[in-house]
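There are 2 protein chains.
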Amino acid sequence: MQRVSMICTDLHSCLSPILVKYDPSQVVVVRDSKVELSPSVSALFSAHLVLETDESRKGIESVERIWDFLLEHHVTRSGVLVAVGGGVLTDMAGFAAATYKRGIAYVNVPTTLLAMVDASTGGKTGFNYGGLKNSIGAFCQPVATVIYPPFLKTLPPHEFLSGFAEMLKTGLLESEGTTPRLWDRLLQYDLDQVESDEGLSPLIASCIAVKERIVAADPTEKGLRKALNLGHTFGHALEEIQMVNGQWSNGKWLHGYAVLYGMIAELYLSVSLLGCPREPLQQLTQLMLHYYGKPQCKCSDREQLIALMRQDKKNERTAEINCTLLRRIGEPVINQVITPSQAAEAWDYLFSL
Amino acid sequence: MQRVSMICTDLHSCLSPILVKYDPSQVVVVRDSKVELSPSVSALFSAHLVLETDESRKGIESVERIWDFLLEHHVTRSGVLVAVGGGVLTDMAGFAAATYKRGIAYVNVPTTLLAMVDASTGGKTGFNYGGLKNSIGAFCQPVATVIYPPFLKTLPPHEFLSGFAEMLKTGLLESEGTTPRLWDRLLQYDLDQVESDEGLSPLIASCIAVKERIVAADPTEKGLRKALNLGHTFGHALEEIQMVNGQWSNGKWLHGYAVLYGMIAELYLSVSLLGCPREPLQQLTQLMLHYYGKPQCKCSDREQLIALMRQDKKNERTAEINCTLLRRIGEPVINQVITPSQAAEAWDYLFSL
Chain A
238 MQRVSMICTD
248 LHSCLSPILV
258 KYDPSQVVVV
268 RDSKVELSPS
278 VSALFSAHLV
288 LETDESRKGI
298 ESVERIWDFL
308 LEHHVTRSGV
318 LVAVGGGVLT
328 DMAGFAAATY
338 KRGIAYVNVP
348 TTLLAMVDAS
358 TGGKTGFNYG
368 GLKNSIGAFC
378 QPVATVIYPP
388 FLKTLPPHEF
398 LSGFAEMLKT
408 GLLESEGTTP
418 RLWDRLLQYD
428 LDQVESDEGL
438 SPLIASCIAV
448 KERIVAADPT
458 EKGLRKALNL
468 GHTFGHALEE
478 IQMVNGQWSN
488 GKWLHGYAVL
498 YGMIAELYLS
508 VSLLGCPREP
518 LQQLTQLMLH
528 YYGKPQCKCS
538 DREQLIALMR
548 QDKKNERTAE
558 INCTLLRRIG
568 EPVINQVITP
578 SQAAEAWDYL
588 FSL
Chain B
238 MQRVSMICTD
248 LHSCLSPILV
258 KYDPSQVVVV
268 RDSKVELSPS
278 VSALFSAHLV
288 LETDESRKGI
298 ESVERIWDFL
308 LEHHVTRSGV
318 LVAVGGGVLT
328 DMAGFAAATY
338 KRGIAYVNVP
348 TTLLAMVDAS
358 TGGKTGFNYG
368 GLKNSIGAFC
378 QPVATVIYPP
388 FLKTLPPHEF
398 LSGFAEMLKT
408 GLLESEGTTP
418 RLWDRLLQYD
428 LDQVESDEGL
438 SPLIASCIAV
448 KERIVAADPT
458 EKGLRKALNL
468 GHTFGHALEE
478 IQMVNGQWSN
488 GKWLHGYAVL
498 YGMIAELYLS
508 VSLLGCPREP
518 LQQLTQLMLH
528 YYGKPQCKCS
538 DREQLIALMR
548 QDKKNERTAE
558 INCTLLRRIG
568 EPVINQVITP
578 SQAAEAWDYL
588 FSL
């Protein structure tokens with residue numbers, strides 16, 4: 238099946254040609270409770286499930302609610318599940334669709350910037366299990382991803398910044414394609430003026446294009462795709478320490494924040510281990526101090542963070558810590574094994590800022 | 238990765254070259270409690286999980302036990318899970334492997350005839366959910382399937398007959414390849430003399446070859462693979478009525494029995510709707526009366542059985558009943574929609590035998 242990824246200004250006229258291929262009784266939606274749909278868009282669906290989602294509810298119980306919903310509405314293998322929400326919701330809905338009757342079609346309608354530029358492209362689906370982020374999941378591509386930027390108008394600022402961090406990561410991976418480089422275009426974007434949509438859609442489109450290109454070359458992350466994990470080895474540990482300790486704070490500690498902190502730690506190692514120029518590290522640090530604030534962890538968390546990193550699913554071997562580092566902008570280096578003491582040094586650097 | 242399917246007379250010397258490619262600390266096994274492994278085979282694994290399995294325990298709880306086991310032993314994406322048991326176990330272990338960290342390698346070592354000729358080939362994995370058989374699952378091929386016929390020496394007779402029913406189904410799908418036809422070779426096999434292994438291994442090999450050929454042509458069951466569902470639309474309803482009503486009897490009501498009864502109902506419809514010769518229907522009926530016994534359901538179950546068929550995941554549209562029927566041996570016809578009254582007629586025929 239041909240896959241579609243599009244940015245649109247009218248959600249109804251964008252979705253209906255995708256959904257018209259399915260029996261109308263087999264077109265159902267799962268939607269985040271924080272998102273409203275217009276009556277005309279709502280009318281596209283024969284059944285609606287509304288879920289309250291956040292990282293702490295990204296568990297098997299929520300996946301089961303989606304399975305139950307599909308069974309109750311007798312959705313068949315010819316049906317389609319449309320997922321409207323942030324990355325937590327689209328990840329879980331994608332997994333539920335990938336495994337319901339061994340796989341039905343699904344469409345992503347991401348409503349947060351993070352989901353638009355990251356989660357909803359690339360076919361990674363899953364949920365948190367055993368205290369580990371996304372430890373259970375499947376690779377399964379949506380039949381379409383529909384980006385509707387007006388959803389961002391009601392997005393809280395910290396959610397916007399969370400998504401922007403993944404865009405910054407994408408910018409670090411790309412040195413070609415546009416002039417100026419994506420990284421420089423992102424740095425020029427005025428984060429104090431996000432209300433005006435102008436200038437954002439082209440950046441979103443560029444980030445999705447970079448990600449799609451990388452994913453197409455390596456859909457199941459055997460090699461090149463690992464470049465997208467920049468910032469995520471350290472970032473996931475920050476997220477997991479909160480999951481383990483039950484400290485999910487309300488909105489201050491979103492995925493993109495963790496990735497931003499993770500990128501700083503990993504750029505620090507990129508400078509010391511691969512001779513990466515210091516400039517992007519300094520630029521990211523400035524953005525952090527100006528917009529994101531410092532991480533809420535402290536040096537005493539260091540040993541627990543390192544223990545969590547040793548369990549990361551990105552590791553090839555038990556207890557080894559595997560990162561993506563950067564030689565320079567546009568030149569990621571995957572499968573870099575670092576020692577616990579190097580990890581400790583990077584955490585110390587981050588916490589000292 | 239090259240996939241391997243082999244029949245072997247020495248399990249250790251067959252498994253070790255497959256497993257030697259993996260870090261020894263990352264080679265783990267999940268085994269059915271009814272199966273014993275020799276010390277030399279056991280020594281191939283760094284960790285062991287023993288599960289009691291039967292159809293009533295093919296649920297999310299058992300899948301979670303396997304996920305927990307993999308997490309506890311810090312299995313990484315480079316690890317491999319070996320599944321030793323019947324189809325219930327290999328289906329669940331395959332699903333757990335397919336979804337753990339978005340997919341690790343697994344090897345099937347089927348220990349029942351049914352698992353050897355059916356479940357362990359073809360990459361269908363999953364578990365029962367919401368009262369429906371295998372309603373959650375994934376298509377994911379094992380890296381190897383290792384058939385060790387001596388496991389069958391301790392198999393109870395009804396388990397043997399259950400597997401033989403799937404072999405009979407395979408025989409109905411194939412008219413070429415060998416002389417005499419697979420179907421005739423199966424009818425010549427002496428079910429009163431199963432203790433002597435002679436003659437069985439070539440039949441197992443033929444059945445696996447037929448299935449592998451069909452699966453290779455259509456791995457995710459978009460078309461041709463549906464031929465393998467012969468007997469399963471009616472058969473699954475028989476299994477589900479017991480799951481819903483909590484009547485799993487101990488060993489009398491195995492998957493292959495349900496498929497055999499389902500094949501009789503579907504061959505009855507094949508005769509009346511597609512002009513299939515009556516001979517295979519008569520031959521199957523004789524085998525049923527001589528070896529399998531009549532189904533334990535009765536006419537008063539008919540309406541509930543039909544309601545369950547309308548929810549079958551093989552249906553393209555809600556409430557439609559979709560079967561594979563037979564025009565003649567070797568010529569299955571997929572996607573045959575039958576009416577509830579045709580289904581009722583076929584049930585009546587079966588229950589009248």
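Going down the list, the protein sequences come from chains A and B.
Numbers given in my numbering equal positions in the first sequence, counted from 1, plus 237.
Numbers given in my numbering equal positions in the second sequence, counted from 1, plus 237.
Here a beta-carbon is modelled for each residue, glycine too, at the ideal position from N, C-alpha and C.
Starting from the Cα of residue i, find the closest Cα among the options and give me that residue.
i, options, result
"L518 (chain A)", "A:P532, A:Y528, A:K535 and A:Y498", "A:Y498"
"P276 (chain B)", "B:H249, B:N552 and B:R268", "B:H249"
"V325 (chain B)", "B:T349, B:P261 and B:W420", "B:T349"
"H285 (chain B)", "B:S293, B:V272, B:E292 and B:F306", "B:F306"
"A381 (chain A)", "A:N552, A:C534, A:E582 and A:C251", "A:C251"
"R268 (chain A)", "A:S283, A:V278, A:F282 and A:L288", "A:L288"
"G360 (chain B)", "B:L524, B:S279, B:P577 and B:M329", "B:M329"
"Q430 (chain B)", "B:I445, B:P394, B:S443 and B:R462", "B:P394"
"L506 (chain A)", "A:V241, A:R554, A:N559 and A:L437", "A:N559"
"S315 (chain B)", "A:S315, A:E568, A:W584 and A:A556", "A:A556"
"I303 (chain A)", "B:G367, B:A454, B:S242 and B:R302", "B:G367"
"S537 (chain A)", "A:S438, A:D585 and A:V496", "A:D585"
"N371 (chain B)", "B:V241, B:L526 and B:S293", "B:S293"
"L428 (chain B)", "B:S412, B:S443, B:S399 and B:T416", "B:S399"
"C534 (chain A)", "A:P569, A:I571 and A:A495", "A:A495"
"F388 (chain A)", "A:A580, A:E582, A:I244 and A:N552", "A:I244"
"I478 (chain A)", "A:V508, A:L526, A:A442 and A:P532", "A:P532"
"P386 (chain A)", "A:E413, A:L437, A:R422 and A:T415", "A:L437"
"L281 (chain B)", "B:H469, B:G340 and B:D260", "B:D260"
"H469 (chain A)", "A:E540, A:G414, A:A454 and A:T407", "A:T407"
Between which two residues does the alpha helix (DSSP H) containing residue i stretch?
i, result
"E209 (chain B)", "Limits of chain B in this structure are 238 at one end and 590 at the other, which puts residue 209 (chain B) out of reach."
"S279 (chain A)", "P276 to S279"
"S509 (chain B)", "H492 to L511"
"M404 (chain B)", "P394 to L410"
"G331 (chain A)", "G324 to T336"
"C251 (chain A)", "L248 to L256"
"C560 (chain A)", "Per DSSP, C560 (chain A) belongs to no alpha helix (DSSP H); it is in the beta strand (DSSP E), I558 to R565."
"L424 (chain B)", "L419 to Q425"
Along the chain, where does the beta strand (DSSP E) containing residue i start, and where does it finish?
i, result
"M525 (chain A)", "No beta strand (DSSP E) contains M525 (chain A), which DSSP labels as neither H nor E."
"L590 (chain A)", "First-last for L590 (chain A): undefined, no H or E at that position."
"G363 (chain A)", "K361 to Y366"
"D269 (chain B)", "V264 to D269"
"H310 (chain A)", "It is not in any beta strand (DSSP E) - H310 (chain A) carries neither H nor E in the DSSP assignment."
"E568 (chain A)", "E568 to I575"
"P347 (chain A)", "A342 to P347"
"A442 (chain A)", "Element bounds for A442 (chain A): not the beta strand (DSSP E) but the alpha helix (DSSP H), L437 to A454."
"F376 (chain B)", "L369 to F376"
Thinking residue i and residue j are a contact (beta carbons under 8 Å), I'd like their distance in whole angstroms, please.
i, j, result
"F332 (chain B)", "T362 (chain B)", "4 Å"
"L409 (chain A)", "L467 (chain A)", "6 Å"
"R418 (chain A)", "I566 (chain A)", "7 Å"
"T290 (chain B)", "S279 (chain B)", "Contact flag wrong, Cβ pair sits at about 19 Å."
"T522 (chain A)", "L590 (chain A)", "6 Å"
"L510 (chain B)", "L563 (chain B)", "Incorrect: roughly 10 Å between the Cβ atoms, too far for contact."
"L491 (chain B)", "E396 (chain B)", "6 Å"
"P379 (chain B)", "Y343 (chain B)", "5 Å"
"L461 (chain A)", "I451 (chain A)", "6 Å"
Could you work out which residues of chain E lie near residue i, taking near to mean beta carbons separated by less than 9 Å?
i, result
"G472 (chain B)", "Of the chains in the structure shown, none is chain E; the protein chains are A and B."
Short-range partners of chain A found in the stretch 313 to 324 of chain B, where Cβ spacing is below 7 Å: T313, R314 and S315
Touch test, the stretch 370 to 389 of chain B against the stretch 333 to 345 of chain A, Cβ-Cβ under 8 Å, three pairs minimum: yes
Stretch pair the stretch 346 to 363 of chain A + the stretch 400 to 414 of chain A: three plus CB contacts closer than 8 Å: yes
Touching by the beta-carbon criterion (3+ pairs, under 8 Å), the stretch 308 to 321 of chain A and the stretch 251 to 264 of chain A: yes
Contact list for the stretch 346 to 359 of chain B against chain A, Cβ threshold 9 Å: none
Selection of the stretch 367 to 389 of chain B by Cβ proximity to chain A, strictly under 9 Å: G367, G368, L369, N371, S372, I373, G374, A375, F376 and C377
Segment contact, 8 Å Cβ cut-off, at least three pairs: the stretch 459 to 477 of chain A with the stretch 543 to 554 of chain A: Contact between the stretch 459 to 477 of chain A and the stretch 543 to 554 of chain A is present, with at least three C-beta pairs closer than 8 Å.
Proximal residues, the stretch 427 to 448 of chain A versus chain B, C-beta separation under 8 Å: none
Selection of the stretch 326 to 338 of chain B by Cβ proximity to chain A, strictly under 9 Å: F332, A333, A335, T336, Y337 and K338
Contact list for the stretch 247 to 263 of chain B against chain A, Cβ threshold 8 Å: D260, S262 and Q263
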